[in-house]
Amino acid sequence: MPTQKTSSGRKLDRATAQQAVDAVTRSEGNVVKAASNLRIPRETLVTRLRTADLMGVKPSPEIEDMNNVAHVKLRLKRLEKDYVELQKKTLDASAIKRQIIGLQQDVAASDPPDWTINAPRSDSAPGVPLLFLSDLHWSEIVHPSQINGVNRYNLDIARRRMRTLGEGAVRLLSIISPKMDYPGIVIPLGGDMISGNIHDELTATNEMNSMPTVLDLFGELAGFIGGMADKFGKVFCPCVTGNHGRDTTKIWGKDRHHTSFDWLLYCFLAKHFENDKRITFFIPDGPDAYFKIFNHRYLLTHGDQFRGGDGMIGALGPIIRGDHKKRSRNAQISMEYDTMLLGHWHQYIHLTRLIVNGSLKGYDEYAYSNNFGYEQPQQALWITHPKYGITFRSPVFVDRVEKATKASWVSVAA
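Numbering-wise (the working numbering), the sequence shown opens with residue 1414 and increments by one.
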């Protein structure tokens, strides 16, 4: 039988601990009366109750009478005590952001900046550009020799592609509006920012482990976002976590954000730009981020919750089914949206109702071994107009096109 030492060093078995707790319950919380009924000193009973509390002993269900006011009050007192202890041990998302990271602003409840909502006076204004960043897979290595030479990826290439991404987006947007009279730029951060250690093969082959990868990417993104603020004046970053940055074996439904290095990276960035009024972060605690550009409603999610597909329809099947389910759910809670944004699938798809982002990493060994179609590394860019909604749309290619090398046949002389 399990035992627990009392403060005097003597062992207390669970049956005796249960007896002490039940005696106090029968006596409606009166310890003196309970001790008298058990014919033991009050001090002995108090010691047993403390030990019983350490053992997690609760009153027997048949003892508590919920019609007895004294019993109900006693139960409420215990529940209040448990709640206080739980609050001492548990930090919620806001407390972590304030106490550990030092964020003064509640980025989970940030209002969108006015420039994303208020329409410009002139109809000739181009609207608000959105540059979607997701699936960077920072620190992952792609070996060209294992995929017929069509792609390669490492940290040096990733940094070069980020620079190419920024330059390409600015060049395309300057073609649309030579005056660059945009009120700002929205940069959704859609998760899978780092490669992570979710598979043994990644743990063995990543260029760096997760924590130094976060620090390295933090510096890169801080420079990228700051540069965009210098170019466009203002930046708004709604953020969601992916599945690759987690530190758990499986994705958690509860507390998903606290198990993700993506979330930590976003909070570091928000803290870094806290005093820069040009830059606003929105980091919700759940898996989806809702925001509006003028009257156009966006839902940003990573996309790992959508599964399936086949050789004919590919990723479209699970994505469209997932979009339908989200729209049905959101309609029931008055949170309808016009366009869903997601990454995860490493395929650039731009439809009226959904936008799927490409990846910075590009084609890899997993895609090659599963016979997925080749796609260049790219990120999505488009403009939201106050009157016409989504207008200009284009992928931003971040690397030169690599041609497949011609494989040599092995021949054996007769």
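Just so it is clear, CB atoms sit at the ideal spot from N, CA and C, and this is done for glycine as well. Since the model is a prediction, treat every value here as computed from it, not as a measurement.
{"Query": "For I1692, the nearest candidate out of C1650, G1730, T1654, A1728 (CA to CA)", "Result": "C1650"}
{"Query": "Length-filtered (3 minimum) beta strand (DSSP E) runs lying within the region 1588-1665", "Result": "1648-1651"}
{"Query": "For W1758, the three-state DSSP class (helix, strand or coil)", "Result": "coil"}
{"Query": "Those residues which DSSP pairs with R1710 across a bridge", "Result": "K1705"}
{"Query": "For L1544, the nearest candidate out of V1434, G1603, G1775 (CA to CA)", "Result": "G1603"}
{"Query": "Exposed unless 16 or more other CB atoms sit within 10 angstroms - verdict on G1540", "Result": "buried"}
{"Query": "Environment of A1617 [buried if 16+ CB atoms lie within 10 Å]", "Result": "exposed"}
{"Query": "Where P1454 falls: helix, strand or coil (DSSP)", "Result": "coil"}
{"Query": "Check whether G1597 and F1645 have beta carbons under 8 Å apart", "Result": "yes"}
{"Query": "Span separating the alpha-carbon of D1435 from that of I1476", "Result": "7 Å"}
{"Query": "Burial state of A1428, where buried means 16 or more other Cβ atoms lie within 10 Å", "Result": "exposed"}
{"Query": "Beta carbon of M1753 nearer than 8 Å to that of R1766", "Result": "yes"}
{"Query": "Where S1741 sits in the DSSP three-state scheme", "Result": "helix"}
{"Query": "A1430 to G1699 span [Cα, whole Å]", "Result": "42 Å"}
{"Query": "Buried versus exposed, by CB contacts within 10 Å (16 or more), E1553", "Result": "buried"}
{"Query": "Environment of H1365 [buried if 16+ CB atoms lie within 10 Å]", "Result": "With the chain running from 1414 to 1827 in the structure shown, residue 1365 is simply not present."}
{"Query": "Euclidean distance between Cα positions of D1717 and H1737", "Result": "15 Å"}
{"Query": "Run of the alpha helix (DSSP H) containing T1804, from where it starts to where it stops", "Result": "Here T1804 belongs to no alpha helix (DSSP H); instead the beta strand (DSSP E) covers 1802-1810."}
{"Query": "Expected contact under 8 Å - CB spacing of V1444 and R1455 to nearest Å", "Result": "6 Å"}
{"Query": "Span separating the alpha-carbon of E1441 from that of L1425", "Result": "23 Å"}
{"Query": "Between the CA atoms of S1782 and E1614 - distance to the nearest angstrom", "Result": "14 Å"}
{"Query": "A1793: first and last residue of the uninterrupted beta strand (DSSP E) it sits in", "Result": "1791-1798"}
{"Query": "For R1468, three-class secondary structure by DSSP", "Result": "First, the amino acid is wrong: residue 1468 is Met here, not Arg. Correct three-state label for M1468: helix."}
{"Query": "A1465 versus W1676 - alpha carbon distance", "Result": "40 Å"}
{"Query": "Under 8 Å between C-beta atoms of A1532 and D1594", "Result": "no"}
{"Query": "Exposure of D1777, with buried meaning 16 or more beta-carbon neighbours within 10 Å", "Result": "buried"}
{"Query": "With 16 other Cβ atoms within 10 Å as the buried cut-off, status of Q1745", "Result": "exposed"}
{"Query": "Beta carbon of H1763 nearer than 8 Å to that of D1605", "Result": "no"}
{"Query": "Simplified DSSP assignment, three categories, for H1550", "Result": "coil"}
{"Query": "Residues that H1763 bridges to, as DSSP identifies them", "Result": "I1768"}
{"Query": "Classification of R1669 by the beta-carbon crowding that lies within 10 angstroms, buried from 16 upward", "Result": "buried"}
{"Query": "V1811 vs Q1791 beta-carbon contact at 8 Å", "Result": "yes"}
{"Query": "Status (buried if at least 16 other CB within 10 Å, exposed otherwise) for I1726", "Result": "exposed"}
{"Query": "Where V1434 falls: helix, strand or coil (DSSP)", "Result": "helix"}
{"Query": "As assigned by DSSP and simplified to three states, the class of Y1566", "Result": "strand"}
{"Query": "Buried versus exposed, by CB contacts within 10 Å (16 or more), R1742", "Result": "exposed"}
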